[in-house]
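Trainee: If you're matching them up, the sequences are chains A and B in order. Going by the UniProt record's numbering, the residue at position 55 of the first sequence is 55; the numbering climbs one at a time, nothing skipped. Going by the UniProt record's numbering, the residue at position 15 of the second sequence is 15; the numbering climbs one at a time, nothing skipped. Don't be surprised by glycine CBs; every beta carbon is placed ideally from N, CA and C. As the structure is a computational prediction, the values presented were derived from the model and not from experiment.
Number of protein chains: 2
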Amino acid sequence: MSSDKLLQQIAFIHEIDKLKYIQRKTRLFNSDRRENDAEHSWHLAMMSLILAEHANEPVDTLKVLKMLLIHDVVEIDSGDVFLYDTIVNHDNTIAERKAAERIFGLLPEEQAKEFIAIWEEFETGDTAEARFARSMDRFEPILQNVSNQGGTWTEYDVPYDTVMQKTSKIQHGSKVIWDFTETLIDDSVEKGYIRKTDDQ
Amino acid sequence: MSSDKLLQQIAFIHEIDKLKYIQRKTRLFNSDRRENDAEHSWHLAMMSLILAEHANEPVDTLKVLKMLLIHDVVEIDSGDVFLYDTIVNHDNTIAERKAAERIFGLLPEEQAKEFIAIWEEFETGDTAEARFARSMDRFEPILQNVSNQGGTWTEYDVPYDTVMQKTSKIQHGSKVIWDFTETLIDDSVEKGYIRKTDDQ
Chain A
1 MSSDKLLQQI
11 AFIHEIDKLK
21 YIQRKTRLFN
31 SDRRENDAEH
41 SWHLAMMSLI
51 LAEHANEPVD
61 TLKVLKMLLI
71 HDVVEIDSGD
81 VFLYDTIVNH
91 DNTIAERKAA
101 ERIFGLLPEE
111 QAKEFIAIWE
121 EFETGDTAEA
131 RFARSMDRFE
141 PILQNVSNQG
151 GTWTEYDVPY
161 DTVMQKTSKI
171 QHGSKVIWDF
181 TETLIDDSVE
191 KGYIRKTDDQ
Chain B
1 MSSDKLLQQI
11 AFIHEIDKLK
21 YIQRKTRLFN
31 SDRRENDAEH
41 SWHLAMMSLI
51 LAEHANEPVD
61 TLKVLKMLLI
71 HDVVEIDSGD
81 VFLYDTIVNH
91 DNTIAERKAA
101 ERIFGLLPEE
111 QAKEFIAIWE
121 EFETGDTAEA
131 RFARSMDRFE
141 PILQNVSNQG
151 GTWTEYDVPY
161 DTVMQKTSKI
171 QHGSKVIWDF
181 TETLIDDSVE
191 KGYIRKTDDQ
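Right under this line is the structure:
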């Protein structure tokens, strides 16, 4: 029995293999090797399992996991966007929406709808699950940068204000993790990984 | 507030980054590049979300996801074991048990216990969730081999009987997926990717 439905599911499973080729700017812990989106998605899923107790509000762990496992699948078509990119706006661009429709559209209709809805919920960030999932997405690169003598902060010379502006959104998902992040950022300033401008 | 508990959790999150360096024998779809354990774990997690409806018995999706996300973490210490290895027995070796205790032991006690128990449940394979999770772990390399003109079957000259012996366990988790797999294997024999011995 190999129904059309199963064949559609297999086609999707094939297609998302491409996520393993999408390179991020951030590097593995204590490493020069860049992380790819599939590894990143796995690591965030693990982090959400481990850290869920620190979410500001109780979260549906299964939904958070689904969000994190699929959140970057659109980048197969639209490419990785760097958090500190000064030109491209990451938030739910038209290209990403089209990518979601094409890629999740490979699945049987009900599943396609479910995954597009979960991806949109993550992107919009208005639910407890989305806020917590998004805080994981911001937190991982901080741990990586700290372990890589500043990592992308140093490599792209990202100023303190920008780091704070982007990373402070972690507090919407977890105040506990944001408090911890602040100590990491302070420490990174002290070590010269992040530069404060003169007037600060 | 950076409690000891959070620091233990962060130490674990650091440690499991090493899974991204553990190379498997199988290669990405239509590719020469070998898959690593973190990418593999992500892909299996995605497959279980997509294919859960084909499980023989109803499964707790969250538990299946946890199993698949962590099932290879022990390989950080004990290394990847190839399914068709004729010498090393994969099943729950002493080295893997020690690895589970060391790596999950980095976590706060309650979480360490939970994850070791989930890993053991997966390894033992006696529950509906473990049977289905294990069928995903067997199914992914088949799809990869088919897309790679036989992949590891050809590369390691694995005979038909051995392929059948190892892969037929898929039916314990999903008869639907096993039926589909059999068509893939038959097709692979026809194309010369898998050799049948003369007396068959």
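At the 9 Å Cβ level, is glutamine 111 of chain B part of the contact set with chain A, yes or no?
Mentor: Chain A contact via Cβ: present.
Trainee: Mind listing the chain B neighbours of aspartate 4 of chain A? Cutoff is C-beta to C-beta under 9 Å, in chain order.
Mentor: Within chain B, no residue comes near aspartate 4 of chain A; the closest Cβ sits about 12 Å away, beyond 9 Å.
Trainee: So, does the CB of methionine 46 of chain A fall closer than 9 Å to a CB anywhere in chain B?
Mentor: Yes, contact with chain B.
Trainee: Nearest chain B C-beta to methionine 1 of chain A closer than 9 Å, yes or no?
Mentor: Bear in mind that a pLDDT of 45 at methionine 1 of chain A, under 50, signals an unreliable position, so the model cannot answer this.
Trainee: Along the stretch 55-76 of chain A, what residues have a CB closer than 8 Å to any CB found in chain B?
Mentor: Against chain B - using a Cβ distance shorter than 8 Å - the residues of the stretch 55-76 of chain A are Thr61, Leu62, Leu65, Lys66, Leu69, Ile70.
Trainee: What separation, rounded to the nearest whole angstrom, lies between the Cα atoms of tyrosine 21 of chain A and aspartate 126 of chain B?
Mentor: Tyrosine 21 of chain A and aspartate 126 of chain B: Cα-Cα distance of roughly 36 Å.
Trainee: Going by the CB atoms, is the gap between glutamate 96 of chain A and glutamate 123 of chain A shorter than 9 Å?
Mentor: In this structure, glutamate 96 of chain A lies closer than 9 Å to glutamate 123 of chain A by Cβ.
Trainee: Looking only at C-alpha atoms, which of A:Ala128, A:His43, A:Met136 sits nearest to threonine 181 of chain A?
Mentor: Nearest option by C-alpha distance: A:Met136.
Trainee: Below 6 Å CB to CB, which residues in the same chain sit around glycine 150 of chain B once its five sequence neighbours on both sides are set aside?
Mentor: Only Tyr193 meet the Cβ criterion.
Trainee: Taking the alpha carbon of leucine 62 of chain A as the point to measure from, which residue in A:Glu129, A:Trp178, A:Ser147 has its own alpha carbon closest?
Mentor: The candidate whose alpha carbon is nearest that of leucine 62 of chain A is A:Glu129.
Trainee: Consult DSSP for proline 141 of chain A and reduce its assignment to one of helix, strand or coil.
Mentor: In the structure shown, proline 141 of chain A sits in a helix (DSSP, three-state: H, G or I).
Trainee: Would you call the stretch 46-54 of chain B and the stretch 5-21 of chain A touching, i.e. three or more CB-CB distances under 8 Å?
Mentor: At 8 Å Cβ cutoff, the stretches touch.
Trainee: Can you tell me whether threonine 183 of chain A is buried or exposed? The criterion is at least 16 other CB atoms within 10 Å of its CB, across all chains shown.
Mentor: By the neighbour-count rule (16 or more Cβ atoms within 10 Å), threonine 183 of chain A is not buried but exposed.
Trainee: In three-state terms, what does DSSP make of glutamine 23 of chain B?
Mentor: Residue state, collapsed to three classes: strand.
Trainee: For a contact defined as C-beta to C-beta under 8 Å, what are the partners of glutamate 39 of chain B on chain A?
Mentor: Result: Lys20, Asn36, Ala38, Glu39, Trp42.
Trainee: Could you run through the stretch 171-185 of chain A and flag, in chain order, every residue whose CB is less than 7 Å away from some CB of chain B?
Mentor: Cβ contacts with chain B come from Val176, Asp179, Phe180, Thr183.
Trainee: Nearest chain A C-beta to glutamine 200 of chain B closer than 9 Å, yes or no?
Mentor: Residue placement at glutamine 200 of chain B cannot be trusted, given a pLDDT of 47 that sits under 50; what the coordinates show is reported in the next sentence. Not one chain A Cβ lies under 9 Å of glutamine 200 of chain B.
Trainee: Less than 9 Å between CB atoms is the rule here; does leucine 51 of chain A satisfy it with respect to chain B?
Mentor: It does; some Cβ of chain B falls within 9 Å.
Trainee: Hey, aspartate 77 of chain A and lysine 98 of chain A: beta-carbon distance below 9 Å or not?
Mentor: A contact, by the Cβ cut-off of 9 Å.
Trainee: Would you tell me roughly how many angstroms separate the C-alpha atoms of serine 3 of chain B and proline 108 of chain B, rounded to the nearest one?
Mentor: Each residue's alpha carbon lies about 11 Å from the other.
Trainee: Can glutamate 121 of chain A be considered in contact with the ligand ADP, in the sense that its beta carbon sits closer than 8 Å to one or more heavy atoms?
Mentor: What this structure holds is no ligand at all, so the ligand ADP is not there to describe.
Trainee: Helix or strand or just coil, what does DSSP make of arginine 34 of chain B?
Mentor: Looking at arginine 34 of chain B - three-state DSSP - the assignment turns out to be strand.
Trainee: Run down chain A in chain order and give the residues with a C-beta less than 8 Å from the C-beta of leucine 83 of chain B.
Mentor: Going along chain A, no residue has its Cβ under 8 Å from leucine 83 of chain B, so there is no contact; the nearest lies around 19 Å.
Trainee: Counting only Cβ pairs nearer than 8 Å, list the residues of chain B close to glutamine 9 of chain A.
Mentor: Within chain B, the residues near glutamine 9 of chain A are Ile50, Leu51.
Trainee: Note down the Cα distance separating serine 41 of chain A from tryptophan 178 of chain A, rounded to an integer number of angstroms.
Mentor: Going from the Cα of serine 41 of chain A to the Cα of tryptophan 178 of chain A covers about 20 Å.
Trainee: Can you tell me which of A:Glu121, A:Ala117, A:Lys169 puts its alpha carbon nearest to the alpha carbon of isoleucine 142 of chain A?
Mentor: Minimum Cα distance to isoleucine 142 of chain A is reached at A:Lys169.
Trainee: Under 8 Å by Cβ, that's how I've got glutamate 140 of chain B and histidine 43 of chain B pegged, so tell me the actual separation to the nearest angstrom.
Mentor: Correct: roughly 6 Å between the Cβ atoms.
Trainee: Give the residues of chain B in contact with isoleucine 16 of chain A, contact being defined as C-beta atoms less than 8 Å apart.
Mentor: Result: His43, Met46.
Trainee: In chain order, what residues of the same chain have a beta carbon less than 8 Å from the beta carbon of asparagine 36 of chain A, not counting five sequence neighbours either side?
Mentor: For asparagine 36 of chain A, where only same-chain residues beyond five positions count, the Cβ hits under 8 Å are Leu19, Lys20, Tyr21, Ile22, Gln23, Arg24.
Trainee: For asparagine 148 of chain A, tell me which candidate among A:Arg34, A:Leu83, A:Ile13, A:Val64 has the shortest Cα-Cα distance.
Mentor: When only C-alpha atoms are compared, the closest one is A:Arg34.
Trainee: Bridge partners of proline 159 of chain B, per DSSP?
Mentor: According to DSSP, proline 159 of chain B bridges with B:Arg195.
Trainee: Could you name the residues of the same chain whose beta carbon sits closer than 6 Å to that of alanine 38 of chain A, not counting the 5 residues immediately before and after it, in chain order?
Mentor: Within the same chain, alanine 38 of chain A has close Cβ partners Leu19, Lys20.
Trainee: Identify which residue in A:Lys5, A:Asn145, A:Ile16 has its Cα closest to the Cα of lysine 191 of chain A.
Mentor: Residue A:Asn145 is the option with its Cα nearest to lysine 191 of chain A.
Trainee: Which residues mark the beginning and the end of the alpha helix (DSSP H) in which phenylalanine 82 of chain A is found?
Mentor: From DSSP, phenylalanine 82 of chain A is part of no alpha helix (DSSP H); its letter is neither H nor E.
Trainee: Can you tell me the Cβ-Cβ gap for histidine 71 of chain B and tryptophan 119 of chain B, rounded? I've got them flagged as a contact below 8 Å.
Mentor: Indeed, because the Cβ distance is near 7 Å, the residues count as touching under 8 Å.
Trainee: Taking the continuous alpha helix (DSSP H) assigned at isoleucine 70 of chain A, which residues delimit it?
Mentor: Isoleucine 70 of chain A -> alpha helix (DSSP H) spans 61-70.
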